[in-house]
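**Student:**
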């Protein structure tokens, strides 16, 4: 399910709910779980483009791996909050994709809880060496 957000109308959005397992002893989302939320959104973004990661590995012989992540925690997400994880493409290189991501509270004002910048690299599924992003995938990313 994709929903529009007022912050980035051209970004992909994926709804999430905070489960008890996502929280720490203080009742807030444990910091590393924001990375899981980012990952889920990127996976669903690829799926929305028509690409399953398992198919990319088997058919295209590629996988996307995280090279770098920068994250800022602005406000806590709490148990049972409904969230929105966004993905917005910033730059596409020969073998890398730089994305901006946000975690928003699903409220009228879409309160920003966390922001991040993630660089993923396309690598050969067997050797893990950088590989050019296939033209068919690149063109779909650029169109959307």
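Numbering (my numbering), first residue to last: 2 to 145.
Cβ coordinates follow ideal geometry from the N, Cα and C atoms, glycine included.
Keep in mind the model is a prediction, meaning the values are calculated, not measured.
Evaluate the contact criterion for the stretch 17-33 versus the stretch 52-59: three or more CB pairs, one atom per stretch, below 8 Å.
**Tutor:** No, because fewer than three Cβ pairs between the stretch 17-33 and the stretch 52-59 fall closer than 8 Å, the two stretches do not touch.
**Student:** With distances taken between CB atoms, is the gap from residue 11 to residue 89 smaller than 8 Å?
**Tutor:** Here residue 11 is taken as the residue at index 10 of the chain shown, counted from 1. Here residue 89 is taken as the residue at index 88 of the chain shown, counted from 1. Yes, the pair counts as a contact, with Cβ atoms nearer than the cut-off.
**Student:** Along the chain, where does the alpha helix (DSSP H) containing residue 50 start, and where does it finish?
**Tutor:** To locate residue 50, count along the chain shown from 1; it is residue 49. Counting along the chain, the alpha helix (DSSP H) containing residue 50 begins and ends at 34-50.
**Student:** Mind checking residue 17: buried by the 16 CB within 10 Å criterion, or exposed?
**Tutor:** Reading the chain shown from its first residue, position 16 is the one you call residue 17. By the neighbour-count rule (16 or more Cβ atoms within 10 Å), residue 17 is buried.
**Student:** According to the Cβ coordinates, are residue 40 and residue 135 closer than 8 Å?
**Tutor:** Along the chain shown, one-based indexing puts residue 40 at 39. Along the chain shown, one-based indexing puts residue 135 at 134. The answer is no: Cβ separation not under 8 Å.
**Student:** Can you tell me the Cα-Cα spacing of residue 115 and residue 66, whole angstroms?
**Tutor:** Along the chain shown, read from residue 1 onward, the residue named residue 115 stands at position 114. Along the chain shown, read from residue 1 onward, the residue named residue 66 stands at position 65. Going from the Cα of residue 115 to the Cα of residue 66 covers about 21 Å.
**Student:** Spatial neighbours of residue 91 within its chain, please: CB distance less than 7 Å, with the 5 preceding and 5 following residues excluded, ordered by chain position.
**Tutor:** By 1-based counting over the chain shown, the position of residue 91 is 90. The answer, listed in chain order, is 99, 100, 101.
**Student:** Rank 15, 132, 111 by C-alpha distance to the C-alpha of residue 57 and give the top, closest one.
**Tutor:** In the chain shown, residue 57 corresponds to position 56, counting from 1. Of the listed residues, the one whose Cα sits closest to residue 57 is 132.
**Student:** Applying the 10 Å Cβ sphere with the 16-neighbour rule, what's the burial state of residue 1?
**Tutor:** Here the chain comprises residues numbered 2 to 145, so residue 1 is not present and cannot be evaluated.
**Student:** Could you check the C-alpha separation between residue 64 and residue 120 for me, to the nearest Å?
**Tutor:** In the chain shown, the residue the question calls residue 64 occupies position 63. In the chain shown, the residue the question calls residue 120 occupies position 119. Going by the C-alpha atoms only, they are around 13 Å apart.
**Student:** Taking all protein chains shown into account, decide if residue 2 is buried (16 or more other Cβ within 10 angstroms of its Cβ) or exposed.
**Tutor:** Translated into positions along the chain shown, residue 2 becomes position 1. Confidence is the limiting factor: at residue 2 the pLDDT is only 42, short of 50, which leaves the residue's position unreliable, though a coordinate-based value still follows. Exposed, because fewer than 16 other Cβ atoms sit within 10 Å of the Cβ of residue 2.
**Student:** With a 10 Å radius around its C-beta and 16 neighbouring C-beta atoms as the bar for buried, classify residue 104 as buried or exposed.
**Tutor:** What you label residue 104 is simply residue 103 of the chain shown in a count that begins at 1. The residue in question, residue 104, is buried, as its Cβ has 16 or more Cβ neighbours within 10 Å.
**Student:** Per DSSP, what are the beta-bridge partners of residue 129 in this structure?
**Tutor:** The sequence position of residue 129 within the chain shown is 128, counting from 1. BP columns for residue 129 are empty, so no partner.
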